[in-house]
Amino acid sequence: MDSALPGTGRPPPRIDTGLVGWLRARLFSSPLNAILTILALWLLLMAVPALIDYLLVKPDFAATTAAQCRETGGYCWAFIREKHRLILFGIYPFDEQWRPLLASAILVAVIICSCIRWFWKPFLGLLWVAGLVAVGILMWGGIFGLSYVENSRWGGLPLTLILSTFGIAFAFPFGLLLALGRRSDMPGAKAVCVVYIELIRGVPLVSLLFMSSVMLPLFLPEGFSIDKLLRAQIAIILFAAAYVAETVRGGLQAIPKGQYEGAESLGLSYWQQMRKIILPQALKIVIPPLVGIFISLFKDTSLVVIIGIFDLTQAAKAAVSDAVWRGFSTESYLFISVIYFIFCFSISRYSLSLERQLDQGQQR
32 MDSALPGTGR
42 PPPRIDTGLV
52 GWLRARLFSS
62 PLNAILTILA
72 LWLLLMAVPA
82 LIDYLLVKPD
92 FAATTAAQCR
102 ETGGYCWAFI
112 REKHRLILFG
122 IYPFDEQWRP
132 LLASAILVAV
142 IICSCIRWFW
152 KPFLGLLWVA
162 GLVAVGILMW
172 GGIFGLSYVE
182 NSRWGGLPLT
192 LILSTFGIAF
202 AFPFGLLLAL
212 GRRSDMPGAK
222 AVCVVYIELI
232 RGVPLVSLLF
242 MSSVMLPLFL
252 PEGFSIDKLL
262 RAQIAIILFA
272 AAYVAETVRG
282 GLQAIPKGQY
292 EGAESLGLSY
302 WQQMRKIILP
312 QALKIVIPPL
322 VGIFISLFKD
332 TSLVVIIGIF
342 DLTQAAKAAV
352 SDAVWRGFST
362 ESYLFISVIY
372 FIFCFSISRY
382 SLSLERQLDQ
392 GQQR
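Using the numbering used here, you'd call the opening residue of the sequence shown number 32 and step up by one each time.
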C-alpha cells in the first residue's frame, strides 16, 4: 500500500508512483530532458533495427567464401571464422597458438583475482609472480619442450594485454612517486617532477613512441640495444605515469589540512603518514579519473602499430590485406571493437563496484 502524504492521510497521486512516476522523474522531468529522451529513442529506433538486419538477418551463416558474403550484403561471419586466429594472435606460429591463448587466460585470471578483495593478501604478489613467469614461458618458450618464439612474432590480443597490464602496473607506482615529489618541500625533487610531468603531458603518445623507437637507440652505448617491444613498453609507462601523477596530486590537494596535522601529531614518519592516512583517502577520491586513465591506456596501446608492432589493431589490418577477403574491413574492425569494449566496460563496471565498496556513507 502506498504511504500517505504527510499531514493529509491520503496516498500520493498515481502519476507520482509506479512506472509513470519513474518515467516522469527520470526521463521527462523537464522539457529539455523530454526532448533528449525522445531524441535518444528516435536514434535507437533508427539504429537498432538496421544493426540487427546487418548482423543477423541479411548474413548467410553457412557462407564459406568471400563471394557468397558479397551476395548477401550483410555481416560476413565467414570472414571472422577464417581470420579470427590471425586477428587474435597475429603472426605467432599457427600450430603454437594455444600458447598465447593460455597465456592470455592466465593474465586475465590473475587480473580478476586482483579485483576480488579476498585476494588482497600478501600471497597476491606471489600469484602475480607465478602468473607472469607462466606467461613468459608460454610466450617465449625455449624450455619444457616448447619451441622458442621471439617477441617480434608476438601479436594480437596477448600483446595488447601484456602492454596494457605492464603499463598500468609500473605507471601507477611511478606516478605516485611523481605526485609526492611534486608536492615535496625539497626544491630539487619538486622541480624535477614538475618538469617531467609537464614535458610528458605536453606531447602525444605517438611522439614518445617514435622517440623510443628511433631516437633512444642513438643514446645507447655501441653494441648495446633494447628490444623494440621493450622500448614501446617504456614509452607507454612514462606517458601514463605523468597523467597518474597529476590525478593523484589532485587527490592529495583535496585532503583537508587537518588530516596532515593529525598524522604528524601521532608521531608518524612521512612515509607512514602517506601509506596509512593520506594516500588511502586521496586514492579513494580519484578512483574515477584513475580508471579513465587506465581505460585510455588500454586503448592507446593500439598506437604501437605506427612503429611496426603487431598488436590487435595491426592484426585486424593484416587480416583485410588478403586479396581474397579484401573489402571486409568493417567486419575486422567491428570484431576488435567488441573486444576493446568488453575489456573497457569491465574495467568501468569494476571501478563503480569498488567505489561502492569503499563508500562510507559520505555524500559529496
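Ideal Cβ positions, reconstructed from N, Cα and C, are used throughout, including at glycine.
| Check | Outcome |
| --- | --- |
| With DSSP as the reference, label ASP342 as helix, strand or coil. | strand |
| Considering only residues of the same chain and omitting the five flanking positions on each side of PHE203, which have a CB-CB separation below 7 Å? | VAL275 |
| Give the secondary structure of MET217 by DSSP, where H, G and I count as helix, E and B as strand, and everything else as coil. | coil |
| Let me confirm a value: LEU389 is counted as buried when at least 16 other C-beta atoms fall within 10 Å, else exposed. Which label applies? | exposed |
| Is the separation between the beta-carbon of VAL160 and that of MET170 shorter than 9 Å? | no |
| Going by beta carbon distance, what residues of the same chain come within less than 6 Å of CYS107, once the five residues before and after it are set aside? | CYS100, PHE359 and GLU362 |
| Just mark ILE199 as buried or exposed, buried being the case when its beta carbon has 16 or more other beta carbons within 10 Å. | buried |
| On a CA-only basis, which of PRO319, GLY339, ILE267 and SER379 is nearest ILE193? Give me that one, please. | ILE267 |
| Between the segment 225-241 and the segment 325-339, can you find at least three pairs of beta-carbon atoms closer than 8 Å? | yes |
| Starting from the Cα of GLN345, find the closest Cα among LEU158, ALA81, LEU157 and GLY186 and give me that residue. | GLY186 |
| Is it buried or exposed for TYR301, if we count other Cβ within 10 angstroms and need 16 for buried? | exposed |
| Among ALA294, ALA313, GLY298 and PHE255, which has the Cα closest to the Cα of GLY282? | ALA313 |
| For LEU76, count the other beta carbons within 10 Å of its own beta carbon; 16 or more makes it buried, fewer makes it exposed. Which is it? | exposed |
| Taking the alpha carbon of ARG184 as the point to measure from, which residue in LEU240, TYR227 and GLY121 has its own alpha carbon closest? | GLY121 |
| TRP356: buried (16+ other C-beta within 10 angstroms of its C-beta) or exposed? | buried |
| Here's the rule: buried if 16 or more other CB atoms are within 10 angstroms of the residue's CB, otherwise exposed. What is ILE231? | buried |
| Determine the direct distance from the alpha carbon of ALA78 to that of PRO62, and round the result to whole angstroms. | 24 Å |
| For ALA222 and GLN284, I'd like the C-alpha separation in whole angstroms. | 18 Å |
| Considering only C-alpha positions, which residue in the set ILE338, VAL279, VAL141 and ALA273 is nearest to SER244? | ILE338 |
| Report the option in ILE318, TYR291, GLY293 and ILE228 whose CA atom is closest to the CA atom of ALA272. | ILE228 |
| Between the C-alpha atoms of LEU343 and PHE241, what's the straight-line distance to the nearest angstrom? | 19 Å |
| Evaluate contact between the segment 137-144 and the segment 113-120, counting only Cβ atoms and requiring at least three cross-stretch pairs below 8 Å. | no |
| Give the DSSP-derived three-state secondary structure of ARG357 in the structure shown. | coil |
| Under 9 Å between the Cβ atoms of PHE366 and ILE111? | yes |
| Per DSSP, what kind of secondary structure is GLY198 in: helix, strand or coil? | helix |
| Using a Cβ-Cβ cut-off of 9 Å, state whether SER215 counts as contacting chain B. | No chain B appears in the structure shown, which is made up of a single protein chain. |
| Could I get the ranges of all uninterrupted alpha helix (DSSP H) runs contained in the segment 63-141, with 4 residues as the minimum, in chain order? | 97-103 and 108-120 |
| Out of ASP353, PHE341, PHE325 and VAL336, which one is the CA nearest neighbour of TYR381? | PHE325 |
| Starting from PHE241, trace the alpha helix (DSSP H) both ways and give me its first and last residue. | 236-241 |
| Can you tell me whether PRO153 is helix, strand or coil according to DSSP? | coil |
| Return the CA-CA distance between ARG395 and ASP353, expressed in angstroms with no decimal places. | Confidence is the limiting factor: at ARG395 the pLDDT is only 46, short of 50, which leaves the residue's position unreliable, though a coordinate-based value still follows. Cα-Cα distance, rounded: 55 Å. |
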